[in-house]
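What follows is one structure encoded as structure tokens, with my remarks underneath.
There are 2 protein chains.
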Amino acid sequence: MATLKQVAAHAEVSVQTVSNALNAPHRLRPDTLERVNRSIELLNYRPNRNARSLRTSAVELIGYCVPNWPNQTHLVMDQFLHALCAAAERTGRHILLFTAPPGVDGMPVYDDLHARRLVDGFVLSQTETHDPRHGWLKEQKIPFISFGRVWKETTQPGPWVDVDGAAGSAMAVRHLHEAGRRRIGFLSWPKSSGLAEDRLGGWRTACKELGLPTSGLAVRCREDGIAEGARATAELLDADPFLDGIVALSDILALGALRELGRRGLTPGVDVGVTGFDDSPLADVVSPGLTSLRQPMDDIAAELISILTDPDGPPDASTERLLHPELVIRGSSAPG
Amino acid sequence: MATLKQVAAHAEVSVQTVSNALNAPHRLRPDTLERVNRSIELLNYRPNRNARSLRTSAVELIGYCVPNWPNQTHLVMDQFLHALCAAAERTGRHILLFTAPPGVDGMPVYDDLHARRLVDGFVLSQTETHDPRHGWLKEQKIPFISFGRVWKETTQPGPWVDVDGAAGSAMAVRHLHEAGRRRIGFLSWPKSSGLAEDRLGGWRTACKELGLPTSGLAVRCREDGIAEGARATAELLDADPFLDGIVALSDILALGALRELGRRGLTPGVDVGVTGFDDSPLADVVSPGLTSLRQPMDDIAAELISILTDPDGPPDASTERLLHPELVIRGSSAPG
DNA sequence: GCCGGTGTTTTTAACGTTCAAAGCCTCGGT
DNA sequence: ACCGAGGCTTTGAACGTTAAAAACACCGGC
Chain A
16 MATLKQVAAH AEVSVQTVSN ALNAPHRLRP DTLERVNRSI ELLNYRPNRN ARSLRTSAVE
76 LIGYCVPNWP NQTHLVMDQF LHALCAAAER TGRHILLFTA PPGVDGMPVY DDLHARRLVD
136 GFVLSQTETH DPRHGWLKEQ KIPFISFGRV WKETTQPGPW VDVDGAAGSA MAVRHLHEAG
196 RRRIGFLSWP KSSGLAEDRL GGWRTACKEL GLPTSGLAVR CREDGIAEGA RATAELLDAD
256 PFLDGIVALS DILALGALRE LGRRGLTPGV DVGVTGFDDS PLADVVSPGL TSLRQPMDDI
316 AAELISILTD PDGPPDASTE RLLHPELVIR GSSAPG
Chain B
16 MATLKQVAAH AEVSVQTVSN ALNAPHRLRP DTLERVNRSI ELLNYRPNRN ARSLRTSAVE
76 LIGYCVPNWP NQTHLVMDQF LHALCAAAER TGRHILLFTA PPGVDGMPVY DDLHARRLVD
136 GFVLSQTETH DPRHGWLKEQ KIPFISFGRV WKETTQPGPW VDVDGAAGSA MAVRHLHEAG
196 RRRIGFLSWP KSSGLAEDRL GGWRTACKEL GLPTSGLAVR CREDGIAEGA RATAELLDAD
256 PFLDGIVALS DILALGALRE LGRRGLTPGV DVGVTGFDDS PLADVVSPGL TSLRQPMDDI
316 AAELISILTD PDGPPDASTE RLLHPELVIR GSSAPG
């Protein structure tokens, strides 16, 4: 394994000159640069990242805690991780995975990773209502960025990137309206979820703008499951037989809706238009395909990395970015 | 950020003594150890991993290439990653994620990560038939371990951990047989897939052992999709109206089977028993639940890490571990 | 011929840790 | 009292890199 010293000897320059050839090539005379580069090439030199990090005290690694909540399905996690990695690599960085207990119990793990210089900062996701990690990291002055808002106002939430759920619901409503739907229901979660309130609000606003009814058309599911989605759909249909559209808070709930419609002999996309959220692999795999709101993962990841690694303004200055989802139309909302 | 030097000054010992307190405590007199530990605690000292790695040339990081094959769904990737992280952490290591082009085009990326000392070795997954990575890494003497066999014999495949697909299929067949099924079909993939041939072989062997017919009961699907699974199921049912069991190579194909059964008015679990593979989130989410063969992720991960980080015998000595899947029984194979 | 300036290269000194070897006790045996 | 052995601790050097400062070479102006 070649070192700077060996390259320097080969090119007959000092060690520092080789270092400069890599980090500040403009400082070298063109012919020297050329000669050094030839030696680098010839000896197949690669800088030792540990030595560099020791000197500069920056490891170019970003920590991400891989979530493990068995009750909540992470259907788009692989998409997210791939996008995050790719974005990090575009800035010469990488993602370091770790596990930690949820909530405040996990804080020692974050602290340790940072204190031992395994990472420069963190990307958080699965942000909870009142997520304690934000305040804690901020206090420790550990750089971080959150995918997802901290919904209830803690003391100074810290920087985040999120997708505009209200806008997404509104897009779904307008799409169904254009397809002729006039009585559009909404499958929601318990009130405690900020994400749910956001998406529900978008549905309500859009319906009002279009002159559509909302009263009695929103049902809250107890959890994110197919069975709950089906139950809630049954409840909606029992209360209003003329229901012809359903906007669901998640793909899973939407699948429940599809199932209940099928059970009643109604055809999704023909009798009732259905949309989900997040465009998980499920959406493309059921029949008819599920119309869903895709999270722009590449943009999200790029924003996360860009804010976290911004050399000036530390991300401490509460940066906030709200991105728009994209409606992916499949058979569940439009026949054919 | 406290350093060894500061701790040493505080405890009134030399730097090396503090280092020993951490790495070889038996070398210290009990009272010295106690005093040093108090100083460490008091100053909240954490060793700087970069400095340590520079000195010892081991980074305690394991590279894992996050796959990105849009055509193939990675429904259990989050389970795998969590298990892998946890297993790595149990040995004081972490997982570093990266992206790379598939096949031999990605090799420079692996090479670079290793040469620059960002990782000590690699965990490979999504191993392909004739996967070029094994030979290449072996040649470069870069430590690696593969999740999944290299099916066609390349020159010296290298160490791997895998799940016994044949045993899994056989378990599924025996389970269906116990439930009274006597004509059990198999949904497969093209012959080129080693994984498919493995699982298909297990079905055939088990059927023969139990005296069940196999001729004409295996269908090959062109790809891993719901539609293909449904088509193949239709083909099976058209050819043999008395078919009462289906072992599918994947959960996705099994979902296709469920769909086709429903279309024909047949009830999964009652009229025809269906099983899938991998126990993806899908299996728990459809109705009836899909009986499926769970991959023992924690064991897999533990084996991967243990072989890769084995201090004696380098994993170069072709180590091979074949683990058993576990049958998770749900409504698709047994009524109730 | 000397001066200051500009552009290029080298020297020196770290970054925080561990390894190898040397040093210093203390103690039992002669 | 002296020696050698063991247990514990310190010393010195190194891992490979970069920042800062110093040195050098060249040039145009006076």
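Which chain is which? The protein sequence lines are A and B, in order. So for the first sequence, my numbering puts the first residue at 16; every next one is plus one. So for the second sequence, my numbering puts the first residue at 16; every next one is plus one. Where is the CB? At the ideal position from N, CA and C, for every residue including glycine.
* Among A:P40, A:I157 and A:G118, which has the Cα closest to the Cα of R132 of chain A? -> Locating residue 132 of chain A in the first sequence gives position 117, where the first residue counts as 1. Looking from the CA of R132 of chain A, the closest CA among A:P40, A:I157 and A:G118 belongs to A:I157.
* **Residue from A:I199, A:R42, A:H89 and A:H25 with nearest C-alpha to L58 of chain A** => Position 43 of the first sequence, counting from 1, holds the residue named residue 58 of chain A. Of A:I199, A:R42, A:H89 and A:H25, the residue nearest in Cα terms is A:H25.
* Asked: Quick one: what's got a C-beta closer than 7 angstroms to E275 of chain A's C-beta in the same chain, skipping five residues either side?
  -> In the first sequence, counting from the first residue as 1, residue 275 of chain A sits at position 260. Leaving aside the five residues that flank E275 of chain A on each side, the residues in its chain whose CB is nearer than 7 angstroms to its CB run, in chain order, A245, T248 and A249.
* Cβ neighbours of P296 of chain A in the same chain (closer than 7 angstroms, five flanking residues each side left out) -> In the first sequence, the residue the question calls residue 296 of chain A occupies position 281. Short of 7 angstroms from the beta carbon of P296 of chain A, and not among the five residues preceding or following it, lie these beta carbons of its own chain, in chain order: L90.
* Asked: Using a C-beta cutoff of 8 angstroms, does R42 of chain B count as contacting chain A?
  -> Counting from one through the second sequence, the residue named residue 42 of chain B turns up at place 27. No, because no Cβ of chain A sits closer than 8 angstroms to the Cβ of R42 of chain B.
* To do: Taking V176 of chain B and R336 of chain B to be in contact with their CB atoms under 8 angstroms, please state how far apart those CB atoms are, rounded to whole angstroms.
  => Along the second sequence, read from residue 1 onward, the residue named residue 176 of chain B stands at position 161. Along the second sequence, read from residue 1 onward, the residue named residue 336 of chain B stands at position 321. Confirmed, about 5 angstroms.
* Asked: Can you tell me the Cα-Cα spacing of G216 of chain B and V300 of chain B, whole angstroms?
  -> Start at 1 with the first residue of the second sequence, and residue 216 of chain B comes out as number 201. Start at 1 with the first residue of the second sequence, and residue 300 of chain B comes out as number 285. The straight-line gap from Cα to Cα measures roughly 29 angstroms.
* Would you check if the distance between the CB atom of L232 of chain B and the CB atom of G284 of chain B is smaller than 8 angstroms? => Taking the first residue of the second sequence as position 1, residue 232 of chain B is located at position 217. Taking the first residue of the second sequence as position 1, residue 284 of chain B is located at position 269. No, the Cβ-Cβ distance between L232 of chain B and G284 of chain B is not below 8 angstroms.
* Asked: So the beta strand (DSSP E) I322 of chain B belongs to, where does it begin and stop?
  -> Looking up residue 322 of chain B in the second sequence gives position 307. From DSSP, I322 of chain B is part of no beta strand (DSSP E) but of the alpha helix (DSSP H) over M312 to L323.
* Inter-residue Cα distance where the pair is G180 of chain A and G136 of chain A -> For this step, residue 180 of chain A is matched to residue 165 along the first sequence. For this step, residue 136 of chain A is matched to residue 121 along the first sequence. Each residue's Cα considered, the two are about 27 angstroms apart.
* Asked: Using the beta-carbon of each residue, which ones in chain B are nearer than 8 angstroms to D127 of chain A?
  -> As a position in the first sequence, residue 127 of chain A is number 112, starting the count at 1. Under the 8 angstroms cutoff, chain B gives R61.
* Asked: Name the residues in the segment 95 to 127 of chain A whose C-beta lies less than 7 angstroms from a C-beta of chain B; which are they?
  -> L96, H97, C100, A101, E104, H109, I110, L111, L112, F113, T114 and D127
* **Beta-carbon proximity of D266 of chain A to S307 of chain A, cut-off 8 angstroms** => Numbered from its first residue, the first sequence carries residue 266 of chain A at position 251. Numbered from its first residue, the first sequence carries residue 307 of chain A at position 292. For D266 of chain A and S307 of chain A, yes; Cβs fall inside 8 angstroms.
* Which residues share a DSSP beta bridge with A263 of chain B? -> As a working note, residue 263 of chain B is residue 248 in the second sequence. DSSP lists B:L202 as partners of A263 of chain B.
* Interface partners of V74 of chain A on chain B, CB under 9 angstroms -> In the first sequence, the residue the question calls residue 74 of chain A occupies position 59. R64 and N65, listed in chain order.
* To do: Find the nearest neighbour of A17 of chain A within the set B:A130, B:S72 and B:G271, judged by alpha-carbon distance.
  => Position 2 of the first sequence, counted from the first residue, corresponds to residue 17 of chain A. Per the Cα distances, B:A130.
* Asked: Could you give the residue range of the alpha helix (DSSP H) that holds T306 of chain A?
  -> Counting from one through the first sequence, the residue named residue 306 of chain A turns up at place 291. Premise fails: T306 of chain A lies in the beta strand (DSSP E), T306 to R309, not in any alpha helix (DSSP H).
* Since S68 of chain B meets chain A, which of its residues come closer than 8 angstroms, beta carbon to beta carbon? -> Position 53 of the second sequence, counted from the start, is the residue given in the question as residue 68 of chain B. Residues of chain A passing the Cβ test: N65.
* Alpha-carbon to alpha-carbon, L202 of chain B and A211 of chain B -> Translated into the one-based positions of the second sequence, residue 211 of chain B becomes position 196. Translated into the one-based positions of the second sequence, residue 202 of chain B becomes position 187. For A211 of chain B and L202 of chain B, the distance between alpha carbons rounds to 9 angstroms.
* To do: Only counting runs of 4 or more residues, tell me where the alpha helix (DSSP H) segments fall wholly within the segment 66 to 118 of chain A, in order along the chain.
  => 92 to 105
* Helix, strand or coil for G226 of chain B, going by three-state DSSP, please let me know. => On the second sequence, position 211 is the one that residue 226 of chain B refers to. In the structure shown, G226 of chain B sits in coil (DSSP, three-state: anything other than H, G, I, E or B).
* Please state whether DSSP places T290 of chain A in a helix, a strand or coil. => As a first step, residue 290 of chain A must be located in the first sequence, where it is residue number 275. In the structure shown, T290 of chain A sits in a strand (DSSP, three-state: E or B).
* Asked: Taking the alpha-carbon positions, what's the V81 of chain A to K223 of chain B distance?
  -> As a working note, residue 81 of chain A is residue 66 in the first sequence. As a working note, residue 223 of chain B is residue 208 in the second sequence. Each residue's Cα considered, the two are about 44 angstroms apart.
* Quick one: does I241 of chain A have its CB under 8 angstroms from some CB of chain B? -> Numbered from its first residue, the first sequence carries residue 241 of chain A at position 226. It does: the Cβ of I241 of chain A has a partner Cβ on chain B nearer than 8 angstroms.
* Along chain B, which residues have their Cβ under 7 angstroms away from the Cβ of I267 of chain A? -> Within the first sequence, the letter at position 252 stands for residue 267 of chain A. By Cβ distance, chain B contributes V300.
* Determine the closest residue to P62 of chain A out of A:P45, A:Q31 and A:I77, with distance taken between C-alpha atoms. => Here the question's residue 62 of chain A lines up with position 47 in the first sequence. Of the candidates A:P45, A:Q31 and A:I77, the one whose C-alpha sits nearest the C-alpha of P62 of chain A is A:Q31.
* **Own chain residues within Cβ distance below 7 angstroms of V134 of chain A, not counting five before or after** => As a position in the first sequence, residue 134 of chain A is number 119, starting the count at 1. Correct list, in chain order: V74, L76, I77, G78, L111 and L128.
* Asked: Among A:V28, A:E104 and A:N35, which residue has its Cα nearest to the Cα of A8 of chain A?
  -> The shown model of chain A, from 16 to 351, leaves out residue 8 of chain A, and the question about it has no answer.
* Asked: Smallest Cα separation from P311 of chain B: which of B:A269, B:E341, B:W204 and B:D239?
  -> Translated into positions along the second sequence, residue 311 of chain B becomes position 296. That would be B:E341, whose Cα lies nearest to the Cα of P311 of chain B.
* Asked: Along the chain, where does the alpha helix (DSSP H) that runs through G244 of chain A open and close?
  -> One-based indexing of the first sequence puts residue 244 of chain A at position 229. Its alpha helix (DSSP H) spans residues I241 to A254.
* For M154 of chain B, the three-state DSSP class (helix, strand or coil) -> Residue mapping note: residue 154 of chain B aligns to position 139 of the second sequence, counting from 1. According to the sequence provided, residue 154 of chain B is Glu. The question's Met does not apply to it. For E154 of chain B, the three-state secondary structure derived from DSSP is helix.
* Asked: According to DSSP, which residues form a beta bridge with E212 of chain B?
  -> As a working note, residue 212 of chain B is residue 197 in the second sequence. Its beta-bridge partners do not exist; DSSP assigns none.
* Asked: What did DSSP end up calling S34 of chain B once you bin it into helix, strand or coil?
  -> The residue given as residue 34 of chain B occupies position 19 in the second sequence. Residue state, collapsed to three classes: helix.
* Presumed contact (8 angstroms Cβ cut-off) between L152 of chain A and Y125 of chain A, rounded CB distance -> As a working mapping, residue 152 of chain A is identified with position 137 in the first sequence. As a working mapping, residue 125 of chain A is identified with position 110 in the first sequence. Indeed, because the Cβ distance is near 7 angstroms, the residues count as touching under 8 angstroms.
* Which residues bound the beta strand (DSSP E) around G136 of chain A? -> One-based indexing of the first sequence puts residue 136 of chain A at position 121. Segment G136 to L139, the beta strand (DSSP E) holding G136 of chain A.
* To do: May I have the straight-line CA-CA distance separating L251 of chain B from C100 of chain A, to the nearest angstrom?
  => By 1-based counting over the second sequence, the position of residue 251 of chain B is 236. By 1-based counting over the first sequence, the position of residue 100 of chain A is 85. Distance between the alpha carbons of L251 of chain B and C100 of chain A is about 43 angstroms.
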